[in-house]
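Line by line, the protein sequences give chains A and B. Under the working numbering, the first residue of the first sequence is numbered 7, with each subsequent residue one higher. Under the working numbering, the first residue of the second sequence is numbered 226, with each subsequent residue one higher. Below is one structure; the comments refer to it alone.
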Amino acid sequence: MREPLFILSREDWSLHRKGYDDQRRHQEKVKEAIRQRLPDLIADESIILTDGKQVVKVPIRSLDEFRFRFNENKGKRVGSGRGDSRVGDVLGQAGGALPGSGGMGPGAGEAPGIDTYEVHVELEEIEDMVFADWRLPNLKRKDEVQSTADGLAWTDVRPKGLSGNLDKRRTLLHHLRRNAARGVRGIGRIREEDLRYKVWEEHPVPDSRAVIFAMMDTSGSMGEFEKYAARTAFFWMTRFLRRQYRQVAIEFIAHHTAAKRVSEEEFFTRAESGGTACSSAYRLALDLIRDQYSPSRYNIYTFHVSDGDNLPSDNEPCLRHIRELLELACAVGFAEVNPYNRPSLLISQLQQLDHPDFRLLRIRERSDILGALRQFFTPAKEGAR
Amino acid sequence: MKRTVPLISEAEIKRLEDDIARITEQALRLGLDPFPMRYEICPADILYTIGAYGMPTRFSHWSFGKAFYRMKMQYDLGLSKIYELVINSDPCYAFLLDTNTPVQNRLIVAHVLAHSDFFKNNAYFSRTPRDMVDRMAAAAERFRQYEREYGAGTVESFLDAVLAIQEHIDPTRVPPAGGRGDPEPGTLERGNRVGRRGPYDDLWEWDRKETGTEQEEALRTVIQKIKERADERRRRRKPEKDVLLFLMDNSPVLEDWQRDVLTVIRQEMLYFWPQIETKVLNEGWATYWHLRIMREFDLSPGESFEFAKLHAGVVAPSPVQVNPYALGLAILEDIARREGEEALFEIREIESDQSLLRNYLTKEIVDRLDLYVYQRVGTEYRVVDKDWEAVRERLILSRNNGGFPYLVVLDGDFEGRGELYLKHEYETLELDLRYVEKTLPYVYALWGRPVHLETVVDGLRVLFTCREDQVSRKFL
């Protein structure tokens with residue numbers, strides 16, 4: 007018989023999931039690309055300057071499908087007007103999306119200017135990735151101030167318990183299993199031995215209050231980049247600690263030869279000159295701890311950003327205060343922001359300071375900030391190595 | 226699944242069947258000669274899947290997922306819509322969106338019938354396999370097997386590398402139908418995997434075997450061909466345009482399954498190539514016939530309006546690219562007016578886009594479509610030329626080698642060190658250098674030794690060299 011000229015059919019395509027499967031793989035690769043770009047990403051101004059912005063646009067370049075192709079910036083192409091085009095007409099801005107043409111089938115995608123693949127990422131997703139390997143340093147020593155108030159967690163299922171905590175799903179499951187073992191299918195009479203109860207345990211969580219002492223050297227040698235690094239570090243530090251503690255306070259301390267408690271705005275905007283005595287900042291922090299932030303109630307973190315260019319006579323008091331502070335704080339961080347790699351006596355003395363809660367961090371460029379933060383939020387054992 | 230209620234009722238399907246019968250009859254009467262058709266009504270996500278992969282049965286890769294996501298997003302946002310998809314096969318498969326209106330479906334059926342006729346009758350398609358749906362399904366199955374055997378990550382990385390250079394084939398090298406010129410996919414995977422010393426050792430091994438099954442016999446023929454090509458190349462030192470074929474034959478690092486993957490992707494590109502080369506003509510042809518066939522039908526005023534709107538969308542111009550539907554239609558209508566409709570049938574048989582543009586694009590068409598040449602000036606794209614011959618030359622040039630840079634292998638043993646030397650046959654367009662630097666490591670992965678690429682930047686000859694993933698450049 008001759009083949010029919012045509013057949014019209016409508017099949018069930020619901021199992022055809024290939025497009026979605028490969029789309030998922032692509033999304034995984036996007037995530038991977040974001041992860042690789044985190045050091046740059048966390049230092050992105052658009053994130054840290056607008057607190058609370060929940061969606062971040064991330065231009066991802068690594069998902070390009072690389073191939074040998076022409077440089078569209080140098081080539082000439084053909085387009086069509088609406089009957090009145092003239093030489094010199096401007097069609098659009100380079101880099102922007104330009105309108106495609108009509109048609110009926112899958113687009114040829116020949117229009118220039120669509121180069122970057124922009125993905126929208128929730129700030130929370132970025133946080134998940136950034137915080138994945140951060141830990142609160144030195145948590146153990148704070149055992150005495152732990153509160154159990156909201157530290158309850160369902161941890162186990164047992165055959166005995168309070169009737170209000172009956173786990174119906176698991177009870178049914180055990181019942182079915184017991185029946186099945188006897189060769190009976192389905193649900194019969196529930197017996198006492200089937201019953202399962204959820205039990206909770208007191209789960210120690212840290213005291214829900216923390217304070218960060220944000221300390222910055224504002225002497226003449228500190229520039230825009232140093233402030234930027236500090237701002238980025240404090241932004242992420244605060245967000246991380248907010249996940250761990252119910253309340254996080256930040257004290258901003260600016261110092262040159264003398265230290266002063268300042269507002270956040272002042273902290274990042276004030277520019278001063280003169281010499282540097284780092285000890286003044288630590289002195290002030292110690293005073294504040296004594297007066298307002300008792301270590302029995304607060305988990306204390308200090309983070310100091312400086313280029314290390316300290317008055318030689320101040321190095322000794324500075325070290326003494328840092329040692330004092332280490333007795334009280336969960337972690338003490340000293341970030342040396344030193345893009346030009348200048349030698350510093352203070353830094354070399356700090357390098358000698360062997361204490362598990364002290365973190366000497368080095369930031370030379372933007373992409374170092376993430377590594378420095380990660381080092382700060384590392385459990386003592388690894389950090390001390 | 227979210228789709229439980231079909232969007233198109235049984236009664237509507239019956240009506241569509243009647244429409245298709247009438248349109249088919251009309252098309253045959255007007256002289257079209259299509260393959261038997263298989264129309265399939267499917268939901269948007271399926272249509273976009275097929276659009277992204279180019280074929281319902283093609284292998285999996287994240288790049289298709291990316292294309293799918295993009296297309297579907299544009300559809301969901303109402304930015305663009307695919308109405309139809311048609312596959313070069315016998316019988317010819319056409320996919321219709323299940324939300325199409327009756328008028329849309331009529332236009333589409335007329336349109337795809339002309340595509341089917343074009344696939345069947347255009348010379349550039351004459352050597353494409355018409356059972357590609359099944360071949361791609363078989364290849365996809367083998368790829369899944371490789372994933373199980375060697376790991377999904379390994380297969381994916383290898384696909385990344387091959388897809389990065391998939392356009393660099395020689396489309397004139399298609400074997401005559403039924404003949405045994407180039408290797409068939411899947412035949413190389415049974416080679417000797419152990420103790421390889423050089424690229425051909427396992428091949429020679431096969432060659433020495435005296436007796437064997439029919440399949441071994443076939444394999445030996447394939448291997449004999451590879452040897453002959455390699456010898457010939459060495460003798461004549463002729464640049465090899467088919468980079469994939471060259472790598473397949475000569476790369477010292479490829480395993481048999483990898484050769485098979487290369488072969489598959491090369492064959493699939495050979496299959497798609499005529500569609501790249503005849504885009505303007507093929508779309509122009511289909512658009513010409515949907516207009517022509519619909520003209521034979523009595524449409525109500527409402528239907529006429531809907532049809533006109535739809536057609537206007539299809540041929541809508543774009544300031545930054547040429548709409549192949551509009552350009553092809555304008556050229557074919559011009560020819561039909563001057564030489565009669567009969568002349569079109571010959572053109573659809575023998576021409577490609579380049580020859581069509583060279584022979585039939587006139588000043589009148591360029592002026593009527595308001596075509597111009599534009600380029601980037603500073604931070605803007607600007608119209609720089611309206612001369613019709615400049616437009617024509619630019620269009621012809623842009624269709625060179627399917628619109629891809631023309632690369633050849635000059636040497637597989639550069640300076641006696643077994644390094645690969647590629648040359649970009651520069652005409653007037655420079656390469657995207659950032660992309661060059663990102664693509665060369667893929668070639669390195671396929672070759673296993675340093676890879677060089679010669680091209681021209683700002684009028685000077687430049688040599689890019691990739692060692693592992695380090696790419697350097699120097700002036701020649």
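C-beta atoms are modelled at their ideal positions from N, C-alpha and C, and glycine is treated no differently.
Sequence-distant residues of its chain with Cβ nearer than 6 Å to LEU14/A (five each side left out): So the list is empty, once near-sequence residues are dropped.
message: Please give me, in chain order, every unbroken run of the alpha helix (DSSP H) with length at least 4 that falls completely inside the region 172–221 of chain A.
response: Those alpha helix (DSSP H) runs which fall completely within the region 172–221 of chain A and span 4+ residues are 174–187.
task: Examine the Cβ distances between the region 75–87 of chain A and the region 594–602 of chain B and report whether three or more of them are shorter than 8 Å.
output: Yes: the two stretches touch, three or more of their Cβ pairs being nearer than 8 Å.
- prompt: What does ALA100/A reach in chain B if we use C-beta pairs closer than 7 Å?
  reply: Within chain B, the C-beta atoms nearer than 7 Å to that of ALA100/A come from ARG601, THR604, GLU605 and TYR606, in chain order.
task: Look at the Cβ atom of TRP140/A, then the Cβ atom of PHE364/A, and state whether they are nearer than 8 Å.
output: No.
Chain-ordered chain A contacts of MET703/B [CB-CB under 8 Å]: Any answer about residue 703/B is impossible in this case: the structure gives chain B only from 226 up to 701.
field: Residue from THR324/B, LEU304/B, ILE333/B and ARG283/B whose Cα sits closest to the Cα of TRP514/B
entry: The residue with the shortest Cα to Cα distance from TRP514/B is ILE333/B.
- prompt: Is the beta carbon of LEU479/B less than 8 Å from the beta carbon of ILE394/B?
  reply: In this structure, ILE394/B does not lie closer than 8 Å to LEU479/B by Cβ.
task: With 8 Å as the threshold, decide whether the Cβ of ALA339/B is near any Cβ in chain A.
output: With 8 Å as the cut-off, ALA339/B does not count as an interface residue toward chain A.
Contacting residues, own chain, Cβ-Cβ under 7 Å from ASP467/B (five flanking each side not counted): Same-chain partners within the cutoff: ILE394, ASP395 and ARG398.
Classification of GLU302/A by the beta-carbon crowding that lies within 10 angstroms, buried from 16 upward: One detail in the question is off: residue 302/A reads as Ser in this sequence, not Glu. Looking at its Cβ environment, which holds fewer than 16 other Cβ atoms inside 10 Å, SER302/A is exposed.
- request: Report the rounded CA-to-CA distance for PRO268/B versus PRO327/B, giving the unit in angstroms.
  value: So the two alpha carbons sit approximately 16 Å from each other.
query: Where does THR324/B fall in DSSP's three states?
result: Coil at THR324/B, not helix or strand.
field: MET298/B burial status per 10 Å Cβ neighbour count (16 or more: buried)
entry: That one is exposed.
- prompt: Using a Cβ-Cβ cut-off of 8 Å (strictly less than) and excluding sequence neighbours within five positions of ARG617/B, which residues of its own chain qualify?
  reply: Cβ neighbours of ARG617/B beyond the five flanking positions: LEU582, ARG583, LEU586 and VAL591.
message: With a threshold of 8 Å between beta carbons, is VAL338/A in contact with chain B?
response: At a cut-off of 8 Å, the C-beta of VAL338/A has no neighbouring C-beta in chain B.
- prompt: Buried or exposed: VAL656/B, going by 16 or more other Cβ atoms within 10 Å of its Cβ?
  reply: With the sequence shown as reference, residue 656/B is identified as Leu, and Val is not the correct amino acid for it. LEU656/B comes out buried.
- prompt: Smallest Cα separation from LEU292/A: which of ARG23/A, LEU331/A and PHE12/A?
  reply: Residue LEU331/A is the option with its Cα nearest to LEU292/A.
task: Tell me, to the nearest whole angstrom, how far the beta carbon of TYR646/B is from that of HIS677/B; I am working on the premise that it is less than 8 Å.
output: Sure, about 5 Å apart at Cβ, within 8 Å.
- request: Express the C-alpha separation of ALA186/A and ASP385/B in angstroms, rounding to a whole number.
  value: Going by C-alpha positions, ASP385/B is about 50 Å away from ALA186/A.
- prompt: Can you give the beta carbon distance from ARG341/A to PHE309/A, rounded, assuming they're within the 8 Å contact cut?
  reply: Note that residue 341/A is Ala in the sequence shown, not Arg. Contact holds; Cβ gap of about 7 Å.
query: Expressed to the nearest angstrom, what Euclidean distance is found between the alpha-carbon atoms of ASP244/B and ARG331/B?
result: Their Cα atoms are separated by approximately 7 Å.
- request: Report buried or exposed for ILE271/B, applying the criterion of at least 16 other Cβ atoms within 10 angstroms of its Cβ.
  value: Buried, because 16 or more other Cβ atoms sit within 10 Å of the Cβ of ILE271/B.
- prompt: Is the region 243–255 of chain A close to the region 316–326 of chain A, with three or more CB pairs under 8 Å?
  reply: Judged by Cβ distances under 8 Å, the region 243–255 of chain A makes no contact with the region 316–326 of chain A, as fewer than three pairs qualify.
query: How should LEU444/B be labelled, buried or exposed, when 16 other C-beta atoms within 10 angstroms of its C-beta is the threshold for buried?
result: Here LEU444/B is buried, its C-beta having at least 16 other C-beta atoms within 10 Å.
message: Considering only the alpha carbon of each residue, which of MET221/A, GLU17/A and MET228/A lies closest to LYS266/A?
response: Closest by alpha carbon: MET221/A.
field: Within-8 Å CB hit, GLY553/B to chain A
entry: With a threshold of 8 Å between beta carbons, GLY553/B makes no contact with chain A.
task: Compute the beta-carbon to beta-carbon distance between LEU671/B and PRO464/B, rounded to the nearest angstrom, for a pair I have assumed lies under 8 Å.
output: Approximately 18 Å separates the beta-carbon atoms of LEU671/B and PRO464/B; this is outside 8 Å, ruling out the contact.
query: Exposed or buried, what is ASP342/B when buried is set at 16 or more other beta-carbons lying within 10 Å of its beta-carbon?
result: With 16 or more other Cβ atoms within 10 Å, it is buried.
- request: Would you kindly report the start and end of the unbroken beta strand (DSSP E) that includes GLU257/A?
  value: GLU257/A -> beta strand (DSSP E) spans 253–261.
- prompt: By the 10 Å Cβ neighbour count, where 16 or more other Cβ atoms means buried, how is VAL36/A classified, buried or exposed?
  reply: Around the Cβ of VAL36/A, a 10 Å sphere holds 16 or more other Cβ atoms; the residue is buried.
- prompt: Name the chain B residues that come within less than 7 Å of GLN29/A, Cβ to Cβ?
  reply: Under the 7 Å cutoff, chain B gives GLY290, PHE293 and TYR294.
query: DSSP on GLU576/B, reduced to helix/strand/coil?
result: Collapsing the DSSP output to three states places GLU576/B in coil.
task: Indicate whether at least one CB of chain D lies closer than 8 Å to the CB of PRO499/B.
output: You won't find chain D in this structure, because its protein chains are A and B.
message: According to DSSP, THR308/A sits in a beta bridge with which residue or residues?
response: Paired residues: PHE219/A and VAL338/A.
message: For a contact defined as C-beta to C-beta under 8 Å, what are the partners of ASN77/A on chain B?
response: Using a Cβ-Cβ cut-off of 8 Å, ASN77/A is close to LEU654, GLU655, LEU656, ASP657 and LEU658 of chain B, given in chain order.
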